[in-house]
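Student: Taken in sequence, the protein lines are chains A and B. Positions 1 to 287 (the numbering used here) are the ones given, in order, by the first sequence. Positions 288 to 574 (the numbering used here) are the ones given, in order, by the second sequence.
2 protein chains.
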Amino acid sequence: MRNLTEKNLTQAVLKRLEKTSDPRLGQVLSSLVEHLHGFIRDIEPTEAEWETGIRFLTAAGQICDDSRQEFILLSDVLGATILADAINHRKPQGATESSVLGPFYRDGARQVATAGSIAENTPGEPLIVRGRVATTQGQPIEGALLDIWQSAPNGLYENQDSHQPEMNLRGKLLTDGDGRYAFRTVKPESYPIPNDGPAGKILEAMGGHNRRPAHIHFIVTAEGYEPVTTQIFVENDPWLDSDPVFGVKDSLVVDFVRHHSPEEAAQLQIPNPFYTVDYDFGMVPAG
Amino acid sequence: MRNLTEKNLTQAVLKRLEKTSDPRLGQVLSSLVEHLHGFIRDIEPTEAEWETGIRFLTAAGQICDDSRQEFILLSDVLGATILADAINHRKPQGATESSVLGPFYRDGARQVATAGSIAENTPGEPLIVRGRVATTQGQPIEGALLDIWQSAPNGLYENQDSHQPEMNLRGKLLTDGDGRYAFRTVKPESYPIPNDGPAGKILEAMGGHNRRPAHIHFIVTAEGYEPVTTQIFVENDPWLDSDPVFGVKDSLVVDFVRHHSPEEAAQLQIPNPFYTVDYDFGMVPAG
């Protein structure tokens, strides 16, 4: 394995990979090498350009911390996350479509009771989110767990914002015997994804904006069913057709209905005016 | 740009890239997206695997510091560096072949006089390196600058080793009127590339070793000529045919001749026994 040239190099690297002990890892690394080399052959990077790439990746790694995951952002803005998502969730009619997890998920949200609030004194427009978790045939699923998170109306998740209480606007909720769930929160707003790092530079260079249409994240799990990671989007948000992470699907765009009724508000124990959104999740049997 | 699926997603991302203001960056990003998506379509990663990839890249970025560049190592062990190198240095017969820069280069080595030493009290076998810098037609090039670096016989570069003086085993040297250069150092030994980070994990998974064959690095620059980044390797090193970074070429493998002659040693002001190596660099006009 000497005197490797443009012509024989890729084959030589693939040959070395034949000794990889884990067959799946060998397959992944072989494909990586083929595509990485294909990329290099396509663009013929100068040495300065390759060095720029190295520095770019290093900066992405170094900006990551407990509340920042730049490689997820990069994967999102290059359409890689939503492609992997589509491949992993080839779903039948009636099943809830999935969308990207995003970089702001945190495990460990507190459990809230049905109709409880995930917003601790967060200024914003009051919102009730409610619906059912059911099979694609409409059979209710009891005890399904909804793990919910969203940004505050200021556009920041609690772990980006020292002014919000720990784990604010995050919650876990179980469905009742009819598969029903309900929780109170504040209406989400569109927000910019962080543009002070490498992923932001890519977005800026692409000439697009960095505003994600307003949404609420969900991971829905139920024993015997495939977990669903998704988002519901606010109908009429101006950024729905140019989501920088390519995550919007019509089936996930939902009408957030405005109510102006002191009586209804009093009954629901929520300030007037308020919003409601009804969304049902369709689950697919596991395996 | 909604409802993107496996089928239409890649085209949608490429379409968005059409607005990229810098045409070269647009070309690079488009090729990146095509190959990244191609990689994902090939391997169909599970969500857990994609997350492993994200964590892998993050760990690579976070292990980088002033004396550690993990993405260069990764590029090296995947054959990407040497491929980019080959593409950038398509050279005529007689020109010195190039090899990888590696992650341990530092600018700012001190200048040494002809026949001066770059090793400050470093234990090891004394070595004189000497030769000429010339055109491929053999015309000597005066005032060519050789920027030299190597590891100590313990396998560590000075910036990996707190026991070595700052900038030890690094030096800059100018050729004389006959294009000649000469410097004293210690004979290099093979050494392991760092295996405590993500690049090491890849190498380990590949089932190969991580020892680079013994070598000395050079960057040779001369006004009017293309710079040469290369390495010379010690003939008969056991790792020449399995270099983990694919960098060995026959034209760069050189006989390190052992001398046992108190007279010659005294004349050269070097301890006996000692080694000499003669290597001539062939430069190509710039442009």
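Glycine included, each C-beta is placed from N, C-alpha and C at the ideal position. Since the model is a prediction, treat every value here as computed from it, not as a measurement.
Measuring only the C-alpha atoms, how far is E293 of chain A from G340 of chain B?
Tutor: Nothing can be reported for residue 293 of chain A, as the shown portion of chain A is limited to 1 through 287.
Student: On the DSSP bridge assignment, give the partners of V186 of chain A in chain order.
Tutor: Taking the first sequence and counting its residues from 1, the one referred to as residue 186 of chain A is at position 186. A:P126, per the DSSP bridge assignment.
Student: How would you list, in chain order, the residues of chain A whose beta-carbon sits under 8 Å from the beta-carbon of F533 of chain B?
Tutor: By 1-based counting over the second sequence, the position of residue 533 of chain B is 246. Chain A residues near F533 of chain B: M1, L4, L9, A12 and V13.
Student: What number of angstroms, rounded off, separates the C-alpha of P475 of chain B from the C-alpha of I148 of chain A?
Tutor: Residue 475 of chain B sits at position 188 when you count from the first residue of the second sequence. Residue 148 of chain A sits at position 148 when you count from the first residue of the first sequence. Roughly 58 Å between the two C-alpha positions.
Student: What does Q93 of chain A touch in chain B if you count any residue whose Cβ is under 7 Å from its own?
Tutor: Translated into positions along the first sequence, residue 93 of chain A becomes position 93. Ordered by position in chain B, no residue passes the 7 Å Cβ test against Q93 of chain A, which lies about 14 Å from the chain.
Student: Looking at L539 of chain B: is its Cβ nearer than 8 Å to the Cβ of F520 of chain B?
Tutor: Here residue 539 of chain B is taken as the residue at index 252 of the second sequence, counted from 1. Here residue 520 of chain B is taken as the residue at index 233 of the second sequence, counted from 1. A contact, by the Cβ cut-off of 8 Å.
Student: Here's a check: name, in chain order, each residue in its chain whose Cβ is nearer than 8 Å to the Cβ of P244 of chain A, leaving out the five neighbours to either side.
Tutor: The residue labelled residue 244 of chain A in the question sits at position 244 within the first sequence. Excluding sequence neighbours, P244 of chain A sits near D76, V77, I193, L203, G208, H209, N210, R211 and R212.
Student: Given that D329 of chain B touches chain A, what residues does it touch there, using C-beta distances under 7 Å?
Tutor: For the purposes of this step, residue 329 of chain B is taken as residue 42 along the second sequence, with counting starting at 1. What D329 of chain B touches in chain A: S31.
Student: What alpha helix (DSSP H) runs, 4 residues minimum, are completely inside the stretch 17-79 of chain A?
Tutor: Taking only runs of at least 4 residues, the alpha helix (DSSP H) segments lying wholly in the stretch 17-79 of chain A are 23-43, 47-63 and 70-77.
Student: I405 of chain B and G442 of chain B: beta carbons closer than 8 Å?
Tutor: The residue given as residue 405 of chain B occupies position 118 in the second sequence. The residue given as residue 442 of chain B occupies position 155 in the second sequence. No; because the gap between Cβ atoms is not below 8 Å, this pair is not in contact.
Student: Under 8 Å between C-beta atoms, does F391 of chain B make it to chain A?
Tutor: Taking the second sequence and counting its residues from 1, the one referred to as residue 391 of chain B is at position 104. Taking Cβ atoms only, chain A never reaches closer than 8 Å to F391 of chain B, which makes this a no.
Student: With which residues is M570 of chain B paired in a DSSP beta bridge?
Tutor: As a working note, residue 570 of chain B is residue 283 in the second sequence. DSSP lists B:T422 as partners of M570 of chain B.
Student: Establish whether the CB of T46 of chain A and some CB of chain B are separated by less than 8 Å.
Tutor: As a first step, residue 46 of chain A must be located in the first sequence, where it is residue number 46. Cβ-Cβ to chain B under 8 Å: yes for T46 of chain A.
Student: Let me know if G464 of chain B comes out buried or exposed under the rule of 16 or more other beta-carbons within 10 Å of its beta-carbon.
Tutor: Numbered from 1 along the second sequence, position 177 holds the residue referred to as residue 464 of chain B. So G464 of chain B ends up on the exposed side.
Student: Using CA atoms only, rank isn't needed, just tell me which of B:N455, B:E384, B:E429 and B:T401 is closest to R393 of chain B.
Tutor: Looking up residue 393 of chain B in the second sequence gives position 106. When each option's Cα is compared against that of R393 of chain B, the closest is B:N455.
Student: I believe A347 of chain B touches G484 of chain B by the beta-carbon criterion, under 8 Å. Please report the beta-carbon distance rounded to the nearest angstrom.
Tutor: Taking the second sequence and counting its residues from 1, the one referred to as residue 347 of chain B is at position 60. Taking the second sequence and counting its residues from 1, the one referred to as residue 484 of chain B is at position 197. Contact flag correct, Cβ pair sits at about 7 Å.
Student: Thinking V133 of chain A and M283 of chain A are a contact (beta carbons under 8 Å), I'd like their distance in whole angstroms, please.
Tutor: Taking the first sequence and counting its residues from 1, the one referred to as residue 133 of chain A is at position 133. Taking the first sequence and counting its residues from 1, the one referred to as residue 283 of chain A is at position 283. About 6 Å; that satisfies the 8 Å criterion.
Student: Quick one, are the C-beta atoms of G466 of chain B and P514 of chain B less than 8 Å apart?
Tutor: The count along the second sequence starts at 1 and reaches residue 466 of chain B at position 179. The count along the second sequence starts at 1 and reaches residue 514 of chain B at position 227. Going by C-beta atoms, G466 of chain B is not nearer than 8 Å to P514 of chain B.
Student: Less than 8 Å between the CB atoms is what I'm expecting for I128 of chain A and L268 of chain A, so what's the real figure, rounded?
Tutor: Counted from its first residue, the first sequence places residue 128 of chain A at position 128. Counted from its first residue, the first sequence places residue 268 of chain A at position 268. I128 of chain A to L268 of chain A, Cβ: 6 Å. Contact.
Student: Among the residues of its own chain, which have a CB less than 7 Å from the CB of S385 of chain B, if the five just before and after it don't count?
Tutor: Sequence index remark: in the second sequence, residue 385 of chain B carries index 98 (1-based). Cβ neighbours of S385 of chain B beyond the five flanking positions: D372, H376, V515, T516 and T517.
Student: For R545 of chain B versus P525 of chain B, is the C-beta distance shorter than 8 Å?
Tutor: As a position in the second sequence, residue 545 of chain B is number 258, starting the count at 1. As a position in the second sequence, residue 525 of chain B is number 238, starting the count at 1. Not in contact: R545 of chain B and P525 of chain B (Cβ atoms no closer than 8 Å).
Student: Taking Cβ positions, are M1 of chain A and D528 of chain B nearer each other than 8 Å?
Tutor: By one-based count along the first sequence, residue 1 of chain A stands at place 1. By one-based count along the second sequence, residue 528 of chain B stands at place 241. Going by C-beta atoms, M1 of chain A is nearer than 8 Å to D528 of chain B.
Student: With a threshold of 8 Å between beta-carbons, can R303 of chain B be considered close to chain A, or not?
Tutor: As a first step, residue 303 of chain B is located in the second sequence; it is residue number 16 there, counting from the start. It does: the Cβ of R303 of chain B has a partner Cβ on chain A nearer than 8 Å.
Student: Just the chain B side, please: which residues come within less than 8 Å of T185 of chain A by C-beta, in chain order?
Tutor: Counted from its first residue, the first sequence places residue 185 of chain A at position 185. Near T185 of chain A there are no residues of chain B at all, since even the closest Cβ is about 24 Å away, more than 8 Å.
Student: Evaluate the contact criterion for the stretch 12-32 of chain A versus the stretch 298-305 of chain B: three or more CB pairs, one atom per stretch, below 8 Å.
Tutor: Taking 8 Å as the limit for Cβ pairs, the verdict is that the stretch 298-305 of chain B does not touch the stretch 12-32 of chain A.
Student: So, with DSSP's three-state summary, where would you put G458 of chain B?
Tutor: Reading the second sequence from its first residue, position 171 is the one you call residue 458 of chain B. G458 of chain B falls in the strand class under three-state DSSP.
Student: Thinking G411 of chain B and P440 of chain B are a contact (beta carbons under 8 Å), I'd like their distance in whole angstroms, please.
Tutor: Along the second sequence, one-based indexing puts residue 411 of chain B at 124. Along the second sequence, one-based indexing puts residue 440 of chain B at 153. Yes, they are in contact, since the Cβ atoms of G411 of chain B and P440 of chain B sit about 4 Å apart, within 8 Å.
Student: Assuming L291 of chain B and I82 of chain A make a contact with CB atoms under 8 Å, what is their CB distance in whole Å?
Tutor: The sequence position of residue 291 of chain B within the second sequence is 4, counting from 1. The sequence position of residue 82 of chain A within the first sequence is 82, counting from 1. Sure, about 6 Å apart at Cβ, within 8 Å.
Student: Tell whether a beta-carbon distance below 8 Å holds between G131 of chain A and V300 of chain B.
Tutor: By one-based count along the first sequence, residue 131 of chain A stands at place 131. By one-based count along the second sequence, residue 300 of chain B stands at place 13. Cβ distance not < 8 Å, so G131 of chain A and V300 of chain B don't count as in contact.
Student: Three-state secondary structure (DSSP) at I202 of chain A?
Tutor: Within the first sequence, residue 202 of chain A is the residue found at index 202, counting from 1. Residue state, collapsed to three classes: helix.
Student: Taking CB distances under 8 Å as the criterion, tell me whether F39 of chain A reaches chain B.
Tutor: On the first sequence, position 39 is the one that residue 39 of chain A refers to. Yes - at least one Cβ of chain B is within 8 Å of the one on F39 of chain A.
Student: Note down, in chain order, every chain B residue with its Cβ under 7 Å from the Cβ of F71 of chain A.
Tutor: For the purposes of this step, residue 71 of chain A is identified with residue 71 of the first sequence, where counting begins at 1. Per Cβ cutoff of 7 Å: I341, L344 and T345.
Student: If we cut at 8 Å on Cβ distances, does M493 of chain B have a partner in chain A?
Tutor: Here the question's residue 493 of chain B lines up with position 206 in the second sequence. Yes, because at least one Cβ of chain A sits closer than 8 Å to the Cβ of M493 of chain B.
Student: Specify, as a first and last residue, the run of the alpha helix (DSSP H) that Q437 of chain B falls within.
Tutor: As a working mapping, residue 437 of chain B is identified with position 150 in the second sequence. Looking at the DSSP string, Q437 of chain B is not in any alpha helix (DSSP H), and its letter there is neither H nor E.
Student: May I ask you to list, following chain order, the residues of the stretch 367-379 of chain B that have a beta carbon less than 7 Å from some beta carbon of chain A?
Tutor: Cβ contacts with chain A come from A367, I369, L370, A371, A373, I374 and N375.
Student: Check each candidate in B:L460, B:P452, B:G389 and B:E551 and name the one with the smallest Cα separation from E429 of chain B.
Tutor: As a working mapping, residue 429 of chain B is identified with position 142 in the second sequence. Of B:L460, B:P452, B:G389 and B:E551, the residue nearest in Cα terms is B:L460.
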